């Protein structure tokens with residue numbers, strides 16, 4: 510079985526990868542298109558050269574790797590919505606169980622700007638999330654629901670994609686994982702300290718005035734997707 514988990518940045522995407530990656534029947538891939546995205550756009554991200562050296566820089570070469578015979582019965586891809594540029598073909602993913610992970614944009618903005626000062630709507634992947642859900646329909650899950658009820662939500666998700674639930678998905682060992690991307694030292698400090706899903710989040714963070722327009726645009730997309738989300 511092949512599973513594609515689509516997410517914007519600063520979501521629960523790495524924890525979800527750890528949950529699936531802790532299954533004994535699963536191989537996990539961490540953002541396989543990241544280097545191709547950087548090479549195509551020329552963007553200057555943290556650890557750019559390290560990322561470019563760690564993966565193929567062309568989308569076609571990445572797809573060939575992904576469609577090769579998996580090493581385990583379940584192949585899980587952690588995929589960033591913003592890595593899929595408008596002219597990027599998505600036909601390779603039509604045979605996958607596509608899942609769409611969302612998070613309230615106020616939390617995304619607060620988390621993203623703590624790691625990278627510059628931010629745009631495309632950087633946090635909300636327009637791409639809407640486009641991908643239209644092109645590759647599948648269950649929508651909200652990170653807040655997962656943190657509030659991890660087992661119930663994971664059971665519901667597994668049922669939705671016809672994958673048997675495994676309790677191993679609820680906990681994982683602390684520290685780096687062999688399938689972490691090369692960029693993990695910059696982005697994964699918090700998740701490396703985790704051994705399972707964190708508790709439910711508190712009040713929404715305040716968004717600075719200069720990001721209010723960004724929040725509004727992202728919120729319009731988020732609320733549309735949120736209405737159709739999977740529930741326990």
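In this note's numbering, the protein residues as written are 510 to 741.
Note that CB positions come from ideal geometry on N, CA and C, so glycine has one too.
Remember, it's a predicted structure, so these values are computed and weren't measured experimentally.
| Asked | Found |
| --- | --- |
| Buried versus exposed call for residue 564 [16 or more other C-beta atoms within 10 Å across all chains shown] | buried |
| Candidates 673, 616 and 643, of which the one nearest residue 599 by Cα | 643 |
| Cβ contact (3+ pairs, closer than 8 Å) linking the segment 532-549 and the segment 607-624 | no |
| Whole-number beta carbon distance between residue 647 and residue 611, since they are thought to touch under 8 Å | At roughly 12 Å, the Cβ-Cβ gap does not stay under 8 Å, so residue 611 and residue 647 are not in contact. |
| Segment contact flag, the segment 552-563 with the segment 703-710, C-beta cutoff 8 Å, min 3 pairs | no |
| Sheet register partners of residue 737 (DSSP bridge) | According to DSSP, which records beta bridges pairwise, residue 737 is partnered with nothing at all. |
| Within 8 Å, strictly: CB atoms of residue 590 and residue 638 | yes |
| Secondary structure of residue 581, DSSP reduced to three states | coil |
| Distance CB(residue 514)-CB(residue 568) smaller than 8 Å | no |
| Whole-angstrom distance between residue 666 and residue 537, CA atom to CA atom | 17 Å |
| Neighbour-count burial assignment, residue 582, 16 or more Cβ in a 10 Å radius | exposed |
| Limits of the unbroken alpha helix (DSSP H) element including residue 627 | First-last for residue 627: undefined, no H or E at that position. |
| Residues bridged to residue 610 (per DSSP) | 516 and 650 |
| Three-way DSSP call (helix, strand, coil) for residue 537 in this model | strand |
| Buried or exposed by the 16-neighbour rule on C-beta atoms within 10 Å, applied to residue 714 | exposed |
| Local conformation of residue 551 per DSSP, three classes | coil |
| contact_flag[the segment 536-551, the segment 694-706] where n(CB pairs < 8 Å) is 3 or more | no |
| Residues of its chain near residue 580, where Cβ-Cβ distance is below 8 Å and the 5 sequence neighbours each way are ignored | 536 |
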